[in-house]
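Quick mapping for you: the protein sequence lines, in order, are chains W and P.
In case it helps, our numbering puts the first sequence at residues 1 to 178.
In case it helps, our numbering puts the second sequence at residues 1001 to 1189.
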Amino acid sequence: MNSKEDEKLNNEKLSEQAVKTYLKDLPSEITPERDLWKGIEHAIGHKAQSTPDNRFGGRVTTFTGLSWAASVIVAVLVTWLTLEPAQVKSEINLVSSMQQSFEKQKESLLVSFGTEVDRVLPKEMLEQLRELSSARETINKALTEDPNNSDLINLLHWTQQQELDLIEQLYQPTWQSI
Amino acid sequence: MENSKVIDAKTLFTVDQEQEWIDLAKEGDQQAFHHLYDSYHRKIYALCWRMLADKEVAEDVCQEVFVQLWQKINNFRGESKFNTWLHSVATNTVLGHLRKNKNWLQRVFSIENQTIEDISVELTDHSGLNELDKQITKLPERARMVFVLFAVEGYRHEEIAKMMNIAVGSSKAQYHRAKGLLKEWVTYE
C-alpha cells in the first residue's frame, strides 16, 4: 500500500518537474509559416493612425447607421407597447441570463476605457450609446410584461449585440482589409 | 567585467534604436514600423498561437495585432516597456477575437466551445514544436487561455480575471485544471 502511494507521489513529482522543465524551455518566439507583413503593409496603407487626443476621429461616420437602428428600435417598441396588452408575469431564466452575460461583456469592454469614457468619446457616439441602451431597457420592460415573446427576446439579443459591437468598435477597429 | 560593459552598450543601443523606430512609426513611417514588426512578430505570433491553438487563426490575429499597433502607437507614452505594452495590446486583441467569434448561445451560457476530444482531432502538423506547446493546444479553451497568460506570459490571476471577465477563483481553478491535464499528458504520452 505504502509503496503504491510512494510510486504515485513519485510520479506526481516527476510530472510536476517535467512541466516545469518544459515551461522553462518554452521558446519565447515562434515563426509563422506565411509572410504576415504583406497583409499588414496593405492594411496600414489604408488605415489612419489615431492621435491620443483624437482616438475615435475616423470612426464617427460608421455610427450613423447604428443611430438609425437605435431610433427604429425605439419607434417599433413604442408602437408595440401601445398595441400589446400586458400578459402573464413569470420569470424567464433565458432573459436574465442574456442580460447578465451582456452586462459582463459590456463591463469587460468598458474596462479598457476606465473612467475616461465620457471624456474621450465624441458626443454623437455617446448619444448613440444612450439610445441603444434606452432601447434595451424598454425591451427589458416589455419582456417583464410578456416574457414568452420570442420576437421580443430576439430583439433584445439584437439590441445587446448592436450595443456591444458599437462599444467594441470604439477601441477595436474592424479587420476587413487583410 | 569587459564583457558586461559590451552587453550594456549593446542593450542601450537596442533600446535607443527601438525608441527611434517607435518615434518614427508614430509619425507614420512604415519602414520604422516594419523594423518593430521584425523585432516582435515572432513573440506576438507565439502568444497568438498558444492562446488560439490554430495556426491560421493565429496568423490572422497576429496581423490584426500589428494593424492595431499601427493605429494605437500614439497612445504609447513610454510609461511601461514597449514589449509589455505590445503584449497587452496583443492579449486584448486575442480576447476580443474570441469574444467576437462566439455565437450568442455560447456567450449567454458560457459554454466552452471545444472539448478536449474536439481539439485533439484538429491537431495535424505540430512537428518541430516544443513538447509543452503541443500539449497546450490540446487544453480546453478557457484552461488554455489562463495557463498561457499565467504561466507563459506572467500575468497575475487578478489581471487575468479582469481581462477574461471571470472570477479570480475561476482563473486559479482553470490554471490548476490545465496544469493537472498537462502533468498527466507529459507523463503518459
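Built from N, CA and C at the ideal position, the CB exists for glycine as well.
Would residue i and residue j qualify as a contact pair, given that the criterion is a beta-carbon distance under 8 Å?
i, j, result
"Ala1178(P)", "Ser28(W)", "no"
"Val1061(P)", "Thr1093(P)", "yes"
"Gln128(W)", "Leu166(W)", "yes"
"Lys47(W)", "Trp1070(P)", "yes"
"Ile44(W)", "Val1067(P)", "yes"
"Ile1044(P)", "Leu1098(P)", "no"
"Glu168(W)", "Gly1096(P)", "yes"
"Ala142(W)", "Leu152(W)", "yes"
"Ser15(W)", "Lys1183(P)", "yes"
"Arg1050(P)", "Ile1160(P)", "no"
"Val1168(P)", "His1157(P)", "yes"
"Trp37(W)", "Tyr1037(P)", "yes"
"Gln1174(P)", "Ala1151(P)", "no"
"Val22(W)", "Glu1131(P)", "It is worth fixing the name first, because residue 22(W) is Tyr in this sequence and not Val. It is a contact, given that the beta carbons lie within the stated cut-off."
"Ala1032(P)", "Cys1048(P)", "no"
"Leu1139(P)", "Leu1181(P)", "yes"
"Arg1042(P)", "Ile30(W)", "yes"
"Leu156(W)", "Arg136(W)", "yes"
Relative to the C-alpha of residue i, which residue among the options is closest?
i, options, result
"Met1145(P)", "Ser1171(P), Leu1132(P), Lys1134(P), Glu1131(P)", "Ser1171(P)"
"Asn149(W)", "Asn10(W), Val95(W), Asp25(W)", "Val95(W)"
"Arg1077(P)", "Asp1023(P), Leu1052(P), Gly1028(P)", "Asp1023(P)"
"Asn1075(P)", "Lys24(W), Gln99(W), Leu9(W), Gln49(W)", "Gln49(W)"
"Glu1153(P)", "Lys24(W), Leu9(W), Lys4(W)", "Lys24(W)"
"Leu26(W)", "Lys1081(P), Asp1133(P), Ala1058(P)", "Asp1133(P)"
"Arg130(W)", "Pro147(W), Gln162(W), Asp35(W), Asp146(W)", "Gln162(W)"
"Lys1081(P)", "Tyr1155(P), Gln1019(P), Thr1091(P), Lys1055(P)", "Gln1019(P)"
"Ala1053(P)", "His1034(P), Glu1027(P), Glu1141(P)", "Glu1141(P)"
"Pro147(W)", "Asn93(W), Leu126(W), Glu107(W), Pro122(W)", "Asn93(W)"
"Val1015(P)", "Asp1029(P), Gln1030(P), His1035(P)", "His1035(P)"
"Asp179(W)", "Gly1028(P), Met1163(P), Asp1029(P), Gln1063(P)", "The structure shown does not extend to residue 179(W), since chain W is modelled only from 1 through 178, so no value can be given for it."
Report, in whole angstroms, the separation of the C-beta atoms of residue i and residue j, which I expect to be a contact under 8 Å.
i, j, result
"Val1148(P)", "Ala18(W)", "Rounded, the Cβ-Cβ distance is 18 Å, inconsistent with contact."
"Gln160(W)", "Asn1165(P)", "With 8 Å as the limit, Gln160(W) and Asn1165(P) do not qualify as a contact, their Cβ atoms being about 15 Å apart."
"Val1089(P)", "Lys1100(P)", "That belief does not hold up - the Cβ atoms of Val1089(P) and Lys1100(P) are roughly 16 Å apart, past 8 Å."
"Gln99(W)", "Asn154(W)", "In fact, because the Cβ distance is near 14 Å, the residues do not count as touching under 8 Å."
"Glu33(W)", "Lys1026(P)", "With 8 Å as the limit, Glu33(W) and Lys1026(P) do not qualify as a contact, their Cβ atoms being about 31 Å apart."
Between which two residues does the alpha helix (DSSP H) harbouring residue i extend?
i, result
"Ile1160(P)", "1157-1164"
"Lys104(W)", "93-110"
"Glu145(W)", "123-145"
"Thr1091(P)", "1082-1100"
"Glu41(W)", "37-46"
"Asp1133(P)", "1131-1136"
"Ala1143(P)", "1141-1147"
Can you name the residues of chain A whose CB is closer than 9 Å to the CB of residue i?
i, result
"Leu9(W)", "Protein chains in the displayed structure are W and P, and chain A is not among them."
Practice prompt. With a floor of 3 residues, list each beta strand (DSSP E) that falls wholly inside the region 1014-1054 of chain P, ordered by position along the chain.
Written response: none
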